[in-house]
Amino acid sequence: MDGRRHKCPDCGAGFGSASTLVDHSLSEHVQAETPAAHVRPLRRPAGLRIATAIALLFGAAFWVLAALGFAGIFEKPTVAETPGSVVHEIVVELEREGAIDSYRAVEPDAGWDTEYEVGDGDGYVRVRDEGRPGAELEYFAYPGELDRALEDAAEARGFQFGD
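Last residue of the sequence shown? That's 150 in my numbering, and every number before it is there in order.
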């Protein structure tokens, strides 16, 4: 130490060494003059906010549609059965044989005369131009026993399917 007293130019406090004066100036005056750092919450880029909003909208739409589907909103309306129809004969036979648990007559799509839904929506069978030469029969079921049973019943009634 050089024996001199060092004086703080800002507050006039005296110190025995220059390093103590520097420490004092940094801790008391520089930090006091520096505004406190602003702590901001985590900010997401605009693109991420938009993507999140879109994902939430699609998620909400999915659950609304799932709830409506569960409630049966998207099912085809039921119509009166047509006992004379070849399709009715097929579904009655399949139920008797145990290939299906249930069936119901539904409103056919445009251009079709009769349509039946089989096995709680597991498949359908429908006919166009019934009773005329060239009548067309269409069925759908996932590959398996029901698919084979529908095809066999249709072929037994004279319908041919090209594989």
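For glycine and all other residues, C-beta sits at the position ideal for the given N, C-alpha and C.
Beyond the five residues adjoining it in sequence on each side, Glu80 comes within less than 7 Å, by CB distance, of Ala140 in the same chain, given in chain order. Secondary structure at Phe2: strand, using DSSP grouped into helix, strand and coil. Buried is the label assigned to Ser72, since at least 16 other Cβ atoms lie within 10 Å of its Cβ. At least 8 Å separates the beta-carbon of Val114 from that of Val78. In the same chain as Glu117, and ignoring 5 residues on each side of it, the C-beta atoms closer than 7 Å to its own belong to Ser72, Val73, Asp100 and Thr101, in chain order. For Gly110, the beta-bridge partners assigned by DSSP are Val105 and Ala128. DSSP lists no bridge partner for Ala48. Of Tyr103, Leu35, Pro130 and Cys(-2), the smallest CA-CA separation from Pro70 is found for Tyr103.
Secondary structure note for Arg83: its alpha helix (DSSP H) is the uninterrupted segment Val73 to Glu84.
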